[in-house]
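**Student:** So the sequence shown is residues 2 to 554, counted in the numbering used here.
Okay, here's the structure, questions in a sec.
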Amino acid sequence: MWILALGKIMEWDAEGNPLRMLGVHVDLAERKQAEEALKESEFFFKESQRSASIGSYKADLLADYWTSSEVLDDIFGTGPDFPRTIQSWLDLVHPDDRRMMTEYLKKEVIGQQRPFAREYRIIRHNDGEMRWVSGLGALKPAADGQPLLLMGTIQDITEKKRKEEEQARLEAQLRQSQKIEAVGRLAGGVAHDFNNMLSVILGHAEMAQQKESPSPSLQEHLEQIQKAAERSADIVRQLLAFARKQTVAPKILDLNETLASMLKMLGRLIGEVVNLTWIPGKDLWPVKIDPSQVDQILANLCINARDAIDGGGKISIEVGNQSCDASFCGGHPGLYPGDYVLLTVSDDGGGMDQETLTKIFEPFFTTKGIGQGTGLGLSTVYGIVKQNGGFIDAESKPGQGTRFKIFLPRYLGKAELSAAEVTTTVERGKETVLLVEDEPAILDVATQMLEMQGYRVLAAATPGEAIRLAEENAGEIHLLMTDVVMPEMNGRELAKKLLSLYPDLKRLFMSGYTADVIAHHGVLDEGVYFIQKPFTLKSLSSKVREVLDSQPF
C-alpha cells in the first residue's frame, strides 16, 4: 500500500521536544495504480508500434517543425541531431516521388484540408536504403481555421510491396504461360489438316519431277512448289515444337559428341566473319533428347546471335554439369532441384533491353525487319526445352551481348549410348502394303509413291474396307500402313484385328495430328513404328523399308 504522510508540529516543550503534531495521511494506492497503468499503456503502445513497424508523428506547419516516435526514427534512419524542418522530411522522400509529395501536401492536404493518405518511397538517412512507407494523417486547424498541426502514422510496408511485386511477376508469368498454351492449342488444332495438305503437295511435286522429263522452266516451277511446301512443313514443326506437341524420338546423348559433330554446320550458318568458340564439358553427364531437337536449338540460337552481331564478333558454346539446389531454383521459377547438363550460348552482340527480354519467347515476336524472320526461332527453342523437362534462362543488356542458359535433365537410366544411325541408299520393294487412309487425296498420293518404289498396294479409305481387302486377298500382306485417327476404329485397333489374319504383319502408323493426340492412341510406345505427316517420297520409302527389314516384335 502506498501512503503519503503530511504534518506540522504544533507545540514544543521547554527543552525543544515536539509535544503535539497536526497532520494527514493520504492513501495513494489509486494514484500509483493509475501511474503503473499509464506506464504499461505507454510500453504497450511503443511495442505495438515496433512490432507493426508503425511510427507516429506530429508536424507543426506554422512553426516548421515535426516530432516523431522512436519507431518512426528507426524507419527513417534519423537520430536526435537530424534537423526537424518540413523540408528535411521532404528531403527523405525518394527523388522520383519528391515532386509528387510536395504537390500533394500543398494542393490537397493543406490547400483542400483533406486527410493525408499516400504510399511513397523514402531513402533512409543513416544507410541510404530505399524503403516503401504508407502515411496516414489528419490536419488539426487553428482557431482562425488555418492549418496548424498534421498528426498521423507512417508504416514501413517494404516487405508488403516486395510480396506484391513478386505476386505481380508470378501473375505475369502465368498470363504468359496461358498465352503460350493458347497458341499451342491453336497450332495443334490446325496442324492435322495442314500436314495432310502438305503431304499431297510434296508428294505430287516429287513424283512429277521423277515421272516426267519436264522443261527447265517447268522443272523450276516444281522445285519452287516443293521448296515452299517444305518450308511450310518446317513452320508447322516449329509451331508444334513451341507448343511441345512435336513427335520426337529421344536418344541417350553425350552433348560433347553431338555438338562437336555440329560445329561445321554451325560455322556455315554464322559465316566466317563471326568467331565460333566451342568449350566442351569434362566428364559430362548423359541426357535423353531427340538429336534433331539439339540441332534446332543450336541452329536457332546461333542464327539469332549472328544477326545480333554488327560486323565481326564472337559466339561461344559451352556445356558442363550443373547441380541445382532449392536455394538456386528459388531464384529461377520453373527450375526444379536436381542434376542438369548446362548448355550456354553467348554472344557479344548488341544485347536487348528488359522489355524486349520479357517477350523473346513469344511466338511471332521478332526484332528483325519484315521478311527477315518468322518470330518462331526462340519460341521453338523454348518449346523443345520444356518438352524435355528442362529450363531456359536468358540474360542480356543493351551493348553487353546476350547469354542463353539451357538446363537439360541428367539422364539417370542405362548409361550406354545408342549407336549412330547409318545412312544407306533406300532399296526398292516388291512386298504387298495394305494402305489405310480416310483422306482421299493422301490415299491417292501415298499409293502412287509406294507403287513408284515397286510395292503392290491395297488401298482402303476406311478400316472396314481394309478388313474386307485383307480377307479377300489371296497372297501375303507384308505391311499395314495406316492412319492413326479414323472413323469406325483407330489404327491401333485395326492392326490388332488384322494380326489374327496375318500374324507376321508389320505395322507402320502415320498421322498429321500432334504428339499428345497420337500418344493417346498408344502409337508412340517404344517399338512401334511411326511416320509424321507431311512426309516426302524419300522419307516414306526409307521408313517403309526400315519397318519391312526389321525383326518381328
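Beta carbons: idealized from backbone N, C-alpha and C, even for Gly.
Owing to the predicted nature of the structure, the values given are computational and were not obtained by experimental measurement.
Indicate whether LEU285 and ASP255 have their beta-carbon atoms separated by less than 9 Å.
**Tutor:** Yes, these two residues count as a Cβ contact at 9 Å.
**Student:** Could you have a look at LEU203 and say whether DSSP puts it in helix, strand or coil?
**Tutor:** Three-state result, LEU203: helix.
**Student:** From PHE405, ARG100 and ALA15, pick the residue whose C-alpha is nearest to that of PHE362; which is it?
**Tutor:** That would be PHE405, whose Cα lies nearest to the Cα of PHE362.
**Student:** Beta strand (DSSP E) containing PHE510: first to last residue?
**Tutor:** From DSSP, the beta strand (DSSP E) with PHE510 extends over 507-512.
**Student:** Residues in the same chain with beta-carbon distance under 8 Å from GLY352, minus the five sequence neighbours each way, listed in chain order, please.
**Tutor:** Here the set comprises ALA309, SER397, LYS398, PRO399, GLY400, GLN401, GLY402 and THR403.
**Student:** The alpha helix (DSSP H) that contains LEU541, what's its start and end?
**Tutor:** Looking at the DSSP string, the run of the alpha helix (DSSP H) that includes LEU541 is 538-550.
**Student:** Under the three-state reduction of DSSP, which class applies to ILE304: helix, strand or coil?
**Tutor:** In this structure, ILE304 counts as helix in the three-state DSSP scheme.
**Student:** For TYR121, does the three-state DSSP call read helix, strand or coil?
**Tutor:** TYR121 falls in the strand class under three-state DSSP.
**Student:** Could you tell me which residues DSSP pairs with TYR58 in its beta bridges?
**Tutor:** Per DSSP, SER69 and GLY153.
**Student:** In chain order, what residues of the same chain lie with their CB nearer than 8 Å to the CB of ASP128, ignoring the 5 residues before and after it?
**Tutor:** Cβ within range, chain order: GLY78.
**Student:** For LEU199, which residues in the same chain have their Cβ closer than 8 Å to its Cβ, ignoring the five residues on either side in sequence?
**Tutor:** Excluding positions up to five away in sequence, the list reads ALA230, SER233, ALA234, VAL237, LYS534 and PRO535.
**Student:** Using only the alpha-carbon positions, how far apart do ILE124 and LEU106 sit?
**Tutor:** Their Cα atoms are separated by approximately 19 Å.
**Student:** Which residues does DSSP list as the beta-bridge partners of THR483?
**Tutor:** Partner(s): VAL437 and PHE510.
**Student:** With three or more C-beta pairs closer than 8 Å as the rule, is the segment 442-456 touching the segment 321-332?
**Tutor:** No, the segment 321-332 is not in contact with the segment 442-456.
**Student:** In chain order, what residues of the same chain have a beta carbon less than 8 Å from the beta carbon of HIS95, not counting five sequence neighbours either side?
**Tutor:** TYR121, ARG122, ILE123, ILE124 and MET131.
**Student:** Using a Cβ-Cβ cutoff of less than 7 Å, which residues in the same chain neighbour THR103 once the five nearest sequence positions on both sides are dropped?
**Tutor:** LEU91.
**Student:** Should the segment 543-553 be called in touch with the segment 206-225, which here means at least 3 C-beta pairs below 8 Å?
**Tutor:** No, because fewer than three Cβ pairs between the segment 543-553 and the segment 206-225 fall closer than 8 Å, the two stretches do not touch.
**Student:** Note down, in chain order, each residue of its chain lying with its Cβ closer than 7 Å to the Cβ of ASN196, except the 5 sequence neighbours on either side.
**Tutor:** The answer, listed in chain order, is VAL237, GLY513, LYS534 and PRO535.
**Student:** Between PHE510 and THR483, which are expected to be in contact by the criterion C-beta below 8 Å, what is the C-beta distance as a whole number of angstroms?
**Tutor:** Yes, PHE510 and THR483 are in contact; Cβ-Cβ is about 6 Å, under 8 Å.
**Student:** Please report how far the alpha carbon of LYS164 lies from the alpha carbon of SER347, in whole angstroms.
**Tutor:** Near 32 Å, if we compare the C-alpha coordinates of SER347 and LYS164.
**Student:** So is PRO338 buried or exposed if we call it buried at 16+ other beta carbons inside 10 Å?
**Tutor:** Exposed, by the Cβ-count rule.
**Student:** Cα separation between LEU218 and LEU267?
**Tutor:** Residue identity check: residue 218 is Ser in the sequence provided, not Leu. Those two C-alpha atoms are separated by around 33 Å.
**Student:** Would you mind working out which of PRO441, LEU358 and CYS330 sits nearest ILE391, comparing C-alpha positions?
**Tutor:** First, the residue type needs correcting, since residue 391 is Gly and not Ile in the sequence shown. Among PRO441, LEU358 and CYS330, the Cα nearest to that of GLY391 belongs to CYS330.
**Student:** In three-state DSSP terms, what is GLU396?
**Tutor:** Note: GLU396 maps to strand in three-state DSSP.
**Student:** Between LEU137 and GLY153, is the Cβ-Cβ spacing less than 9 Å?
**Tutor:** Cβ distance < 9 Å, so LEU137 and GLY153 count as in contact.
**Student:** Can you give me the Cβ contacts of GLU16 inside the same chain, cut-off strictly under 8 Å, excluding the 5 residues immediately before and after it?
**Tutor:** Excluding sequence neighbours, GLU16 sits near nothing in its chain.
**Student:** Quick one: Cα of PHE46 to Cα of ASP98, how far?
**Tutor:** Confidence at PHE46 is low in this model, with a pLDDT of 49, below 50, so its placement is unreliable and the value that follows should be read with caution. Near 30 Å, if we compare the C-alpha coordinates of ASP98 and PHE46.
**Student:** Give the secondary structure of ILE361 by DSSP, where H, G and I count as helix, E and B as strand, and everything else as coil.
**Tutor:** DSSP places ILE361 in coil when its eight states are reduced to three.
**Student:** Taking just the CA atoms, how far does VAL382 sit from GLY374?
**Tutor:** Any answer about GLY374 is weak, because its pLDDT of 49 lies below 50 and its placement is not dependable; what the coordinates show is given next. In a straight line, the C-alpha of GLY374 is about 15 Å away from that of VAL382.
**Student:** Straight-line CA distance for VAL275 to CYS303?
**Tutor:** Whole-angstrom Cα-Cα distance: 10 Å.
**Student:** What alpha helix (DSSP H) runs, 4 residues minimum, are completely inside the segment 291-347?
**Tutor:** Runs of the alpha helix (DSSP H) inside the segment 291-347: 292-309 and 327-331.
**Student:** Going straight from the alpha carbon of GLU221 to that of GLN294, what length do you get?
**Tutor:** So the alpha carbons of these two residues sit roughly 31 Å apart.
**Student:** Starting from THR79, trace the alpha helix (DSSP H) in both directions and tell me its first and last residue.
**Tutor:** Per DSSP, THR79 belongs to no alpha helix (DSSP H) and is neither H nor E.
**Student:** Taking the alpha carbon of GLY465 as the reference point, which residue from PRO287, ASP439 and HIS479 has its own alpha carbon closest?
**Tutor:** Minimum Cα distance to GLY465 is reached at ASP439.
**Student:** Helix, strand or coil, according to DSSP, for VAL458 in the structure here?
**Tutor:** If DSSP states are grouped into helix, strand and coil, VAL458 belongs with the strands.
**Student:** What's the C-alpha gap between THR278 and VAL342?
**Tutor:** Taking the straight line from one Cα to the other gives about 18 Å.
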